[in-house]
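Chemist: Here the sequence shown stands for residues 1 to 214, numbered as in the UniProt record's numbering. Just so you know, even glycine gets a beta-carbon here, dropped at the ideal spot from N, CA and C. Please read these numbers as outputs of a predicted model, since none were measured by experiment. The structure follows.
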Amino acid sequence: MHRGFEIGRTVQDFCRPDRMALVVYDMQVGIISQLKHGPDIVERVAGVLDAARQNSFRIIFMRHLSMPRELMGASQFRQAMAWQRIEDPDSVRPWFLRGTPGVEIVPELAPRESEAVLDKITFSAFEGTPLAMILRDCGLTAFAICGVATEIGIDPTVRHGADLGLVPIVIADACGAGHQEAGARAMENIAFMGDALVTDSAHIVNIMSGIEQV
Numbered sequence: 001m002h003r004g005f006e007i008g009r010t011v012q013d014f015c016r017p018d019r020m021a022l023v024v025y026d027m028q029v030g031i032i033s034q035l036k037h038g039p040d041i042v043e044r045v046a047g048v049l050d051a052a053r054q055n056s057f058r059i060i061f062m063r064h065l066s067m068p069r070e071l072m073g074a075s076q077f078r079q080a081m082a083w084q085r086i087e088d089p090d091s092v093r094p095w096f097l098r099g100t101p102g103v104e105i106v107p108e109l110a111p112r113e114s115e116a117v118l119d120k121i122t123f124s125a126f127e128g129t130p131l132a133m134i135l136r137d138c139g140l141t142a143f144a145i146c147g148v149a150t151e152i153g154i155d156p157t158v159r160h161g162a163d164l165g166l167v168p169i170v171i172a173d174a175c176g177a178g179h180q181e182a183g184a185r186a187m188e189n190i191a192f193m194g195d196a197l198v199t200d201s202a203h204i205v206n207i208m209s210g211i212e213q214v
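Written as structure tokens, this is what we have:
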């Protein structure tokens, strides 16, 4: 204790249903299908998700959406052209339109009625979504995060969450990268900054399940 408040420094300090939620980031059919190691990430995320469900942790899924071409502006076109490696805006195809199969969460992780699914067009899960409000309104101070992709969405979500005064807990082996070197650099930077905790799926599952005592 310091001046009347706790300064948590370990995963055990935060990994409780009254302090932490699980955020499952962009585990969508159209994204996982592009990753060579996608099935491995699905398996690890499924293990964490199962432990969270069995032990009454709040669970929030994030999904990436594309805007219809009619609602795309300069930044949306610029991003799509970079990802699709094209020079002509007229050739852009929105990959993740609402209602298309690629947008859906992979069936192995299908969200339950008691779990939120938040849609976004940004990389940070906090920008333009009620995620921060949900966590604060439930009195939570930390969030564990897993999913894809480390270098694209996990990293900015972790930094944004830390800037909001939350404690991000990154489940490293349950986070996948689209570009392995960029993903490794992002994870190294997350660990270096010191405002997030980095763990692995076996460790956090044990804590969630009470095998490792808080």
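#1: Nearest-angstrom Cα distance between Gly183 and Asp18?
#2: Is it buried or exposed, Arg9, if we count other Cβ atoms within 10 angstroms and call 16 or more buried?
#3: Per DSSP, what kind of secondary structure is Ile152 in: helix, strand or coil?
#4: Based on the DSSP secondary-structure assignment, which residues constitute the bridge partners of residue 245?
#5: With DSSP as the reference, identify every bridge partner of Phe143, one or two as the case may be.
#6: Please return the same chain residues whose Cβ sits closer than 8 Å to the Cβ of Leu49, not counting the five positions on each side in sequence.
#7: Give the range of the alpha helix (DSSP H) segment to which Val198 is assigned.
#8: Where do the ends of the alpha helix (DSSP H) carrying Trp95 lie?
#9: Taking Ile171 as the reference, which of Ile31, Gly47 and Pro39 has the closest Cα?
#10: Helix or strand or just coil, what does DSSP make of Ile134?
#11: For Ala162, name the three-state secondary structure that DSSP assigns.
#12: Going along the chain, which residues of its own chain have a beta-carbon closer than 6 Å to the beta-carbon of Val214, five neighbours each way excluded?
#13: Would you check if the region 24–34 and the region 136–155 touch, i.e. whether three or more CB-CB distances between them fall below 8 Å?
#14: Please classify Arg58: does DSSP put it in a helix, a strand, or coil?
#15: Can you give the Cα-Cα distance for Gly194 and Ile7, rounded to whole angstroms?
Modeler: This is what the structure holds:
#1: 31 Å
#2: exposed
#3: helix
#4: Any answer about residue 245 is impossible in this case: the structure gives the chain only from 1 up to 214.
#5: Ala21 and Pro168
#6: Leu22, Val24, Ile59 and Leu109
#7: Where Val198 is concerned, there is no enclosing alpha helix (DSSP H), although the beta strand (DSSP E) it sits in stretches over Leu197 to Thr199.
#8: First-last for Trp95: undefined, no H or E at that position.
#9: Gly47
#10: helix
#11: helix
#12: Note that Val214 has pLDDT 46, beneath the 50 cutoff, so the model's placement of it is unreliable and the number below is only indicative. Around Val214: Gln12.
#13: yes
#14: strand
#15: 14 Å
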